[in-house]
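A.B. asks:
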Amino acid sequence: MQYIQKKVKSINFGILDPETIRKMSQVRVVTPDTYDEDGYPIEGGLMDLHLGVIDPGLRCKTCGQRMVSCPGHFGHIELVRPVLHVGYVKMIYTLLKTTCKSCGRLLLPPDQIDKYKKLLLESEEETDDAAIEIIEQSKKINKCPHCGAKQGNIKLIKPTTFYEEKQRLLPSDIRMRMELIPDEDLVLLGIDPKVARPEWTILTVLPVPPVTTRPSITLETGERSEDDLTHKLVDILRINQRLRDNIAAGAPQLIIEDLWDLLQYHVTTYFNNEVSGIPPARHRSGRPLKTLAQRLKGKEGRFRYNLSGKRVNFSARTVISPDPNLSINEVGVPQAIAEELTVPEYVTEWNINKLKKFIEADKYPKANYVIRPDGRRKKVTDVNREDLLKEIEPGYIIERQLMDGDIVLFNRQPSLHRLSMMTHLVKVLPGKTFRLHPAVCKPYNADFDGDEMNLHVPQTEEARAEALELMLVQKQIITPRFGAPIIVGEEDFVSGAYLMTQKGVSFSRRLAERILIKAGITKVPKPDVEGDRFSGKLLFSQALPKGLNLEYKSKICRDCEKCVKDKCPYDAYVKIRNGVLKTGVIDKVSYQGILVDTIFRKYGEEVCRDFMDKSTKMVLIAMMSRGFTIGLKDSDIPEEARKEIKAVIERAEAEVNEFIRKYREGILKRIPGKTVEQTLEDNIMAILGKARMECGEIAAKYLDVGNPAMVMSRVGARGSMLNVTQMSACVGQQAVRGGRIMRGYRNKTLPHFKEGDIGIRARGFVESSFRTGLTPVEYFFHAMGGREGLVDKGIRTAKSGYMQRRLINALQDLVLRTDGTVRDATDTVVQFVYGDDGADPMKCHGDYAVKLSDEIIYLDEREKEEEYEEAEEGEEYE
Amino acid sequence: MSDIFEKYKGKLPKNIIEYVRKKTEGRSAKEIRKALEMALEEFQKNQAEPGEAVGIVAAQSIGEPGTQMTMRTFHYAGVAELAVPQGLPRFIEIVDVRREPSMPIMEIHLKEEIKTDEDKVIEFAERLENVPLEDVAEIDEDFAKRRITIIFNEKALNEHALTLEEAMKKTEKELRRKAKEKVDNAMIFEPGFATLRSLRRFVDRIREIKLCGIKGIKKAVVLPEPDGSGWYIQTEGTNLVDVLKLEGVDPTNVFSNNIKEIEKVLGIEAARNVIIHEAKAVLDGQGLKVNPRHIMLVADVMTYDGTVRPIGRQGVSGLKSSVFARAAFEETVKHLHTASIKGHKDELKGVTENIIVGQPIPVGTGIVKLGMK
């Protein structure tokens, strides 16, 4: 096992000077050729064996190591003429403008220089502002205050050509000027001369990166394909050679300067191939080359792709599917994955016999690898099994296959919040998908239409401990975002709970026992309904913790003027006494709110998990035995309802037409702050919105109370009244850009209408219901509305993703310190007390840090009022 | 009675004491004391733990519901309110701290004496609106004679509580020249330009003349106070400095949604409060629940150095001390180059830097150190 023994404390940045470049170089690269005819690297070429090896079988001539173990070594190219480094052109430009051409001093009077020097000495803050001021001031001076030399006007033709009063400044001239600038003046300009002398940015020698950073690939045809960087370096070497030859031959100055510029171009694009002002260097195929800057930047660059995000071993990914038979903190792992992933077990005197069994086994669960104390990894095979068994002793590590109860991390992208990665316990199952309890879909934002998820196996005891203590599913039942449950029963769990706990629902002993045993409850309560039957409320209560007392209004509550509490005729008032559901139905409010919340806070995560496990299982069996389905006939409404709806729509249309008439006659009263057209549209939208609401009410009136769609929307399982309305009564107004549909040619939305028709049908009102079917025109409008929604969603995900990236980047270093303050990475205080009161949002009740339950305060009173019934002891069931 | 609560001041935050007070109204002193004691116990239990990565949790809590926010601007049908960008676009506007929001809005509450009289408030609102000349007059240009005629619409002038005389005087003053002739509601100018181009430019200037109102305020709507105590004014366009100076305005109760403006006029604390207020308003409007502590932290990060800085490379992220953190965010190459010139040193104190070099991050269990003798 390796521990971190050395820690990187800090990293310094600076510019390499020519001497250092030569010193760290292993070889001077001179020839543009790479390999000879036999495919062997040429000495003094870009693939020189001193630069490291990328061919298996060869040895590095610098360190003598083989392929993977040799890290690679630098070389260098001696440039015949100096060239500028594009990245520092801006700095060179300011330096040329702010310093004297003949003496190199900063173009400021000596007293000013002293003033700024003092300022810099005194302030410990960033010197950027002062530097900008100095630059601005010295730019204006055109006669050197030190030597009196007249300064020329410097011009920069992007990206790398300088002119002084129409006279070309060659890199060698610039380099000479840079050398003149004294260190103390550089400090004033915000440059640290210790690590960055300006003349170093004008390159006389170019480092050649090790071959390991630019490996060539061999195609199937046996052809070698070089890396983009190698290509670029070949270009540089070639021009460098030509320049050298021309100079030696005494070629005219013009030709030399042309070649020099060409060398400059190649060096520039070698650093950055996206410099504005010059065409990017291209590959033979026409693709722009990926040079140094391109390797680093952007989403797929070194920083974001490889350094901020790292690839890992011991992970798996596959499709997910639901399994309510699991506990909420379990994950079903396919056998095939369990056989591949391993957990390291440290061999000690006390577990050696147990671990030897894994080595002995030739099928699951067995040991895949044995790691010797020296770190050598051995695969366990039929051949060496016996040897390994004899060899193994304390100090060895064996890597055994994943087993039930192992700790793993489970994750679904996009990982928008910390609940996107939680700790689960392994349950090895047949099949090829990961299985998870549907109640944990919400935090992962997962569904089962083909979603895939990732699984990671922590490899150290420390990692496992942290995973278990901090990330375990049941510890995340309450979200830190708003302090309410997020791991909750949804959809069928809610409808099921409602159907089970409804008034008058009872189960036969046989069924009741089946429900209870599914939940793992072995104690059967006394039947509370005549004929040896059990009420759904009683069965559901078996999942509730003992001693729980709660009273609240459920989702189906109709907000009566005077609440009669537990005498509620709709059974909407939930009363729980000592863990027994006395009145009320369990629906969304219970399952996704107060009930889970109270259990979690009062009894802790384990009890809450137990409740979720038991109740969801019971509810499903109860629902399955009863049956719950929806079909076409469930959206049918009788003929008279259809007539009523028609009447409502006709009335609305008449109203709208009245408004249109008024508008046409110009007597429509304008709403202040709006134009007449807006007023008209607002009114029409309001009328049509109301009309649809009325249609919905009519439909609801005629639909059966037990209509599945109605049940689901009423108890908050899925869908809303709007969806029921759209199915049975009337789809309603389609909207694009928040208003009625207006687009089209010749003043009409579709060819079916007259020009200038602004009636309800011509502007996208859909009178039909989904049950009756839409007319072609309606269908088209509906598609328009739907398309907008789709486009909107796409844009939204992109925008909110970027916003979150920025937020995370801005806030990631903020930590609550031990002194109660919130500070950033530089120890600057951002908040003296976190959130003004130091309370943890996860433990808060909504916005408040504290919530007193009524029960606690009025305990004395209530005791007098009623005596709790002792929970009756049920008979044992085994 | 109140001294029971007094004793807990400092131990419990104000809003919790208030909460307990409300909850225990009409109860005996013994019960109140018990309730307070319980509140204190729970409050202490609910404190956040040291090492908690509060920044990341806040960023996630605000970013995660971002995908659920709508993009559209909402118009409430039938209600006289201005169309305000809501949801994600407005939220991005807030964290970006744009110089001017896409829909700058002010809420101006008036002094007691005026606010109860609807007519007076309406008049006040009309006076605020900045009316360009083209809204209340027709401009007739005769290029052949080089003559421009402005015909004022008296009905339109009335709507903005302007008289013809006022309007004409103002026009002359703004143009710095006298009209050649004034006939009834018309003014005739013959500026005597030689070229048509300068004449056209002159006409454009006339169109833009602001006859009355406060600079920047395009529209003013009168709305009833939510508590029914009278009326207040909502405006499109903001100008805090000038509005605060107006007679009749309650200077303690004027709101602007322009963060930069608030910072300039009322200072950094006020700016922080607007950020919190506006961010909360957006989330509430979308029906998304987010603990205010998260929003406060974001607002504090944006304001803690005394200026309002946007979230992003121009602001908070661009000014980080770590070279690696900046390079890994945006503008990678630029940050590396400046770092090398200035000889920067990365102390590896933040999260990204340590991820990059492959070390444990100084957050959560990573800040705990073990000492050994």
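Protein chains in written order, with the numbering used here: chain A, 47 to 924; chain B, 11 to 383.
Positions of the beta carbon are idealized from the N, C-alpha and C atoms, including for glycine.
Nothing here was measured: the structure is a model prediction, and the numbers come from that model.
With a CB to CB cut of under 8 angstroms and the five nearest residues on each side skipped, what residues in its chain are close to residue 434/A?
C.D. replies: 405, 416, 424, 426, listed in sequence order.
A.B. asks: Less than 8 angstroms between the CB atoms is what I'm expecting for residue 726/A and residue 698/A, so what's the real figure, rounded?
C.D. replies: Going by Cβ atoms, the distance from residue 726/A to residue 698/A rounds to 15 angstroms, so no, they are not a contact pair.
A.B. asks: Which of helix, strand or coil does DSSP assign to residue 361/A?
C.D. replies: Residue state, collapsed to three classes: strand.
A.B. asks: Measure from the alpha carbon of residue 552/A to the alpha carbon of each residue in 586/A, 520/A, 533/A, 421/A, then state which is nearest.
C.D. replies: Taking only the C-alpha atoms, the option nearest residue 552/A is 586/A.
A.B. asks: Do the region 754–765 of chain A and the region 786–806 of chain A touch if we need at least three Cβ pairs shorter than 8 angstroms?
C.D. replies: Cβ pair count under 8 angstroms is below three, so no.
A.B. asks: Listing by chain order, which chain B residues have their CB less than 7 angstroms from the CB of residue 698/A?
C.D. replies: Those do not exist, as residue 698/A stays about 14 angstroms from chain B at its closest Cβ, beyond 7 angstroms.
A.B. asks: Where does residue 236/B sit, in a helix, a strand or coil, going by DSSP?
C.D. replies: The answer is coil: DSSP assigns residue 236/B none of H, G, I, E or B.
A.B. asks: To which residues of the same chain is residue 801/A closer than 7 angstroms at the C-beta, ignoring the five residues directly before and after it?
C.D. replies: Contacts found: 792, 793, 794.
A.B. asks: Taking Cβ positions only, does residue 88/B come closer than 9 angstroms to chain A?
C.D. replies: The predicted position of residue 88/B is uncertain, since its pLDDT is 33 and thus under 50; no value can be drawn from it.
A.B. asks: Would you mind telling me which residues of chain B sit closer than 7 angstroms to residue 887/A, beta carbon to beta carbon, in chain order?
C.D. replies: 301, 303, 304, listed in chain order.
A.B. asks: Going along chain B, which residues have a C-beta under 9 angstroms from residue 463/A?
C.D. replies: Within chain B, the residues near residue 463/A are 67, 70, 71, 73, 74.
A.B. asks: Hey, does residue 906/A have any beta-carbon neighbour from chain B nearer than 9 angstroms?
C.D. replies: Per-residue confidence for residue 906/A stands at a pLDDT of 48, beneath the threshold of 50, marking its modelled position as unreliable; the derived number appears in the next sentence. Yes, residue 906/A lies at the interface with chain B (some Cβ there is under 9 angstroms from its Cβ).
A.B. asks: Ordered along the chain, which non-local residues of its own chain (more than five positions away) have a Cβ less than 8 angstroms from that of residue 370/B?
C.D. replies: Answer for residue 370/B: 364, 376, listed in chain order.
A.B. asks: Excluding the 5 residues flanking residue 118/A on each side, which residues of the same chain have their C-beta closer than 7 angstroms to its C-beta?
C.D. replies: Correct list, in chain order: 97, 98, 256, 257, 258, 259.
A.B. asks: Any idea which residues DSSP pairs residue 368/A with across the strands?
C.D. replies: DSSP lists 482/A as partners of residue 368/A.
A.B. asks: Anything in chain B within Cβ reach of residue 512/A, meaning under 8 angstroms, just list it in chain order.
C.D. replies: Going along chain B in sequence order, the residues near residue 512/A (Cβ under 8 angstroms) are 375.
A.B. asks: May I have a chain-ordered list of the alpha helix (DSSP H) segments no shorter than 4 residues that lie completely inside the region 140–218 of chain A?
C.D. replies: Correct list: 156–168, 174–186.
A.B. asks: Can you pull the chain B residues whose beta carbon is under 7 angstroms from the beta carbon of residue 526/A, in chain order?
C.D. replies: Here the neighbours are 67, 71.
A.B. asks: Who pairs with residue 81/A in a beta bridge, going by DSSP?
C.D. replies: BP columns for residue 81/A point to 87/A.
A.B. asks: Is it true that the region 524–538 of chain A meets the region 553–560 of chain A, where meeting means three or more beta-carbon pairs spaced less than 8 angstroms apart?
C.D. replies: Taking 8 angstroms as the limit for Cβ pairs, the verdict is that the region 553–560 of chain A does not touch the region 524–538 of chain A.
A.B. asks: So, at 6 angstroms on beta carbons, what are the nonlocal neighbours of residue 230/B in its own chain, with the 5 sequence-adjacent residues on each side left out?
C.D. replies: Once the five neighbours on either side are set aside, the close Cβ partners of residue 230/B are 135, 138, 139, 243, 245.
A.B. asks: Along the chain, which unbroken stretches of the alpha helix (DSSP H) at least 4 residues long are found entirely within the region 531–565 of chain A?
C.D. replies: For the region 531–565 of chain A, whole alpha helix (DSSP H) runs of length 4 or above, ordered along the chain, are 538–547, 555–564.
A.B. asks: What would DSSP say about residue 253/A, mapped onto helix, strand or coil?
C.D. replies: Residue 253/A: strand per DSSP, three-state reduction.
A.B. asks: Does the distance from the CB of residue 564/A to the CB of residue 632/A come in under 9 angstroms?
C.D. replies: No, the Cβ-Cβ distance between residue 564/A and residue 632/A is not below 9 angstroms.
A.B. asks: Could you work out which residues of chain B lie near residue 855/A, taking near to mean beta carbons separated by less than 7 angstroms?
C.D. replies: The answer, in chain order, is 327, 339.
A.B. asks: For chain B, is any of its Cβ atoms less than 9 angstroms away from the one on residue 433/A?
C.D. replies: Judged by the 9 angstroms Cβ criterion, residue 433/A is not in contact with chain B.
A.B. asks: Of all Cβ atoms in chain E, is any one closer than 9 angstroms to the Cβ of residue 860/A?
C.D. replies: Of the chains in the structure shown, none is chain E; the protein chains are A and B.
A.B. asks: Taking the CB atoms as reference points, tell me whether residue 620/A and residue 627/A lie closer together than 9 angstroms.
C.D. replies: Taking 9 angstroms as the Cβ cut-off, residue 620/A and residue 627/A qualify as a contacting pair.
A.B. asks: For a test of the three-state rule: what should DSSP assign to residue 872/A, helix, strand or coil?
C.D. replies: Of the three classes helix, strand and coil, the one that applies to residue 872/A here is coil, per DSSP.
A.B. asks: Can you check whether the CB of residue 128/B is closer than 9 angstroms to the CB of residue 64/B?
C.D. replies: No, the Cβ-Cβ distance between residue 64/B and residue 128/B is not below 9 angstroms.
A.B. asks: Are there 16 or more other CB atoms within 10 angstroms of the CB of residue 247/B, so buried, or fewer, so exposed?
C.D. replies: Per the 10 Å Cβ criterion, buried.
A.B. asks: Can you list, in chain order, the residues of its chain with a C-beta nearer than 8 angstroms to that of residue 90/B? Leave out the 5 residues immediately preceding and following it.
C.D. replies: Summary for residue 90/B: the model assigns pLDDT 42, below 50, so the residue's position carries little reliability; its value from the coordinates is reported in the next sentence. Contacts found: 231, 233.
A.B. asks: Could you spell out the range, first to last residue, of the beta strand (DSSP E) harbouring residue 475/A?
C.D. replies: Counting along the chain, the beta strand (DSSP E) containing residue 475/A begins and ends at 467–475.
A.B. asks: Using a 10 Å radius around the Cβ and a threshold of 16 neighbouring Cβ atoms, would you call residue 251/B buried or exposed?
C.D. replies: Exposed.
A.B. asks: So that I know if they touch, is there some Cβ in chain B lying closer than 9 angstroms to that of residue 811/A?
C.D. replies: Chain B, which has no Cβ nearer than 9 angstroms to the Cβ of residue 811/A, makes this no.
A.B. asks: Closer than 8 angstroms, Cβ to Cβ, to anything on chain B: give me those residues from the region 51–78 of chain A, in chain order.
C.D. replies: Result list: 53, 54, 55, 56, 57, 58, 59, 60, 61.
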